[in-house]
Each structure stands twice: as C-alpha cells, then as structure tokens.
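Let me begin by presenting the structure, written as structure tokens, before commenting on it.
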Amino acid sequence: MGEVEGFLKYERAELHGRPVTERLADYHDVYEPVDEKVVMQQGARCMDCGIPYCHVACPLGNYIPGFNDMVYEGDWEHALTLLHRDNNFPEFTGHLCPALCEGACSVGLYFDPVTIKMIELKIIERGFADGRVHPQPPRHETGKRVAVIGSGPTGLAAAQQLRRQGHAVEVFERADRIGGLLRYGIPEFKLEKNIVDRRLAQLEAEGIVFHTGVNVGVSIAADDLCRDFDAVLLAGGARQPRDLAAENRQLSGV
C-alpha cells in the first residue's frame, strides 16, 4: 500500500481531451497523454482493501491493488509483469473497457474511485516504450496443431496462450485484415490501429500463423479443419448486434 491516506491526500485525476480544433482535423486518440508522475500519484489513492472489490469486478481478474502499489513505488517492470499475468492485451482494455473495477472501488463509496483504467494503460504503454513487451515463443513444441476461427480479441488471446504452451496455432479470419472487432468495429479515435498492429507483430514473432480472406464453411470445409488440426476453437464473435427498442429507432440514419 503506497500511502495509508492517499485517497484523502490526492484527488482523482481525470483524462483531458485534446483541443476540439485538433480532434476535428484527425482521427487520433481523443485524450491527451497523462504525465507519469500524475499516474504514480494516483496509485497512492488505492487503499489495498482486505477484499479488493475492484479485482472481483474485473472480468479478467486483474490483481489491481498489486499493480497500483507498484506504480506508486515506480516499479513499472513488475507492474507490467503482474498486469500481463491476467491480461494478454492491456492496451486494448486500457482504451476500451468500461472500467467495472472503478465502479466497484471501495474508495468510490465516499470519494471519487481510483483511476484504475488510466493506471493500466500507462503501465502497458510504458512497457512498450521501455522495450519490455517482446515475443515469448514456447520453449518446447508439443506437436499439436490448433485452428482458431476468428481474429478478434478472444481469438487472438487464445492463440497467444495456446502458442506459448507449445502448440502450433493458425488463425483463420474471414476479413482481409486481422483484428476482428478491434480492426473493424472500434473507431480510430478510440483505438488507433497501429496499436493493434503493434501487438500483432508480437504474435507473429511468437510463431502464430494468420490466414485472411478465409470464410470457414465456405472457402474451406469445417471437416477439413477437424481432420488437419488436433483442435478447433470457434471465436467468431457476435457480428449481429442487438437492436434497440427505442422511440424513432426506425428513422433513417439511426
């Protein structure tokens, strides 16, 4: 725990948007980068609760009090290791997740919650800047082959975990580029595509093979995949969104 009364001493720091005139001229990230010292100070606001509800609320199970304290202490290397333990792609969640952890933060009962999402994003960006995010190829090969259908976040995370266990992994994507929802469903100002490409380079260096323009069941038979691979993982995602039963939903442009 960084400071016992850190949540009393420091106020929550919010992200600041870039000037509107700049944002109108490009499709880059809406927010300005946050100063590292500010993020370290925010780590001090974590109370390291006996029952960390932030950790419980996180769908990935990130051990948030641990990396909050490490950031406060300036131990960015171990904070990155702890973050990557539960999260293959913190840069994606750091930009896109709804921060359920902050909604469950105990500090938020009476004060503003800890800026967990901001801290997470700074950890991974600092890791890339310091050259600490590098390929981790398996130490041995199992001789097993796995086909992953779909290259969205689920397919990519599964492919990386399987590859690091020593399995030969091939990812099949129907679109012409890898990324799924990350590539085609998220606007550039929320997640710049060079961030996706940066992580894909790591996966390729680890030995994952990607196939684009392959519509499984049409351009390649499912039976063929089952024959050629020891296992097949379906990670096609939910391409049909749920409709919104709201007034004027039927109007043009909605």
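Here this note's numbering = 1-based position in the sequence shown + 29.
Idealized CB from N, CA, C, for every residue including glycine.
key: Opening and closing residue of the beta strand (DSSP E) in which Cys263 lies   = For the purposes of this step, residue 263 is taken as residue 234 along the sequence shown, with counting starting at 1. For clarity, residue 263 is Leu in the given sequence; the question names Cys instead. Residues Ala260 to Leu263.
inquiry  = Can you look up Phe140 in the DSSP assignment and give me helix, strand or coil?
reply    = Position 111 of the sequence shown, counted from the start, is the residue given in the question as residue 140. Coil at Phe140, not helix or strand.
query = Could you give the uninterrupted runs of the beta strand (DSSP E) lying entirely in the stretch 106-180, keeping only those of 3 residues or more?
reply = Fully enclosed beta strand (DSSP E) runs of 3 or longer: 174-178.
ask   = Under 7 Å from any heavy atom of the ligand NAD, does the C-beta of Ile249 make it?
value = This structure lacks the ligand NAD; in fact it carries no ligand of any kind.
Nearest candidate by alpha-carbon position, reference Asn91, set Met76, Gly103, Leu109 and Gln189 = Walking along the sequence shown from the start, residue 91 turns up at place 62. The shortest Cα separation from Asn91 among Met76, Gly103, Leu109 and Gln189 belongs to Leu109.
ask   = Looking at Trp105 and Arg155, is the spacing between their C-beta atoms short of 8 Å?
value = Walking along the sequence shown from the start, residue 155 turns up at place 126. Walking along the sequence shown from the start, residue 105 turns up at place 76. The answer is yes: Cβ separation under 8 Å.
task = Counting only the same chain and skipping the five closest in sequence on each side, list residues whose C-beta sits under 6 Å from that of Gln190.
result = Translated into the one-based positions of the sequence shown, residue 190 becomes position 161. Excluding sequence neighbours, Gln190 sits near nothing in its chain.
task = Please say whether Ala128 and Val85 have beta carbons closer to each other than 8 Å?
result = Within the sequence shown, the letter at position 56 stands for residue 85. Within the sequence shown, the letter at position 99 stands for residue 128. No, the Cβ-Cβ distance between Val85 and Ala128 is not below 8 Å.
query = Which runs of the beta strand (DSSP E) fall wholly inside the stretch 179-248 and span at least 3 residues, in chain order?
reply = Runs found: 197-201 and 238-240.
key: Minimum length 4: unbroken alpha helix (DSSP H) runs contained in the stretch 49-89   = Runs of the alpha helix (DSSP H) inside the stretch 49-89: 49-52, 65-72 and 82-86.
Minimum C-alpha distance to Val143 - residue among Glu40, Cys255 and Cys126 = Position 114 of the sequence shown, counted from the first residue, corresponds to residue 143. Comparing Cα-Cα distances from Val143 to each of Glu40, Cys255 and Cys126, the minimum goes to Glu40.
ask   = Exposed or buried, Gln71, counting other C-beta atoms within 10 Å across all chains shown (16 or more means buried)?
value = In the sequence shown, counting from the first residue as 1, residue 71 sits at position 42. Taking every protein chain shown into account, the CB of Gln71 has 16 or more other CB atoms within 10 angstroms, so this residue is buried.
Buried versus exposed, by CB contacts within 10 Å (16 or more), His163 = Residue numbering aside, residue 163 sits at position 134 when the sequence shown is read from its first letter. Result: exposed.
key: Sheet register partners of Gly46 (DSSP bridge)   = As a working note, residue 46 is residue 17 in the sequence shown. Per DSSP, Tyr60.
Where the alpha helix (DSSP H) through Asn97 begins and ends = The count along the sequence shown starts at 1 and reaches residue 97 at position 68. Counting along the chain, Asn97 sits inside the alpha helix (DSSP H) bounded by residues Ile93 to Tyr101.
inquiry  = Using a 10 Å radius around the Cβ and a threshold of 16 neighbouring Cβ atoms, would you call Cys255 buried or exposed?
reply    = The residue labelled residue 255 in the question sits at position 226 within the sequence shown. Result: exposed.
Sequence-distant residues of the same chain with beta carbon closer than 7 Å to Gly265, five excluded per side = One-based indexing of the sequence shown puts residue 265 at position 236. Setting aside the 5 residues that flank it on each side, Gly265 is surrounded in the same chain by Ile178 and Gly179, each with a C-beta closer than 7 Å to its C-beta; the list follows chain order.
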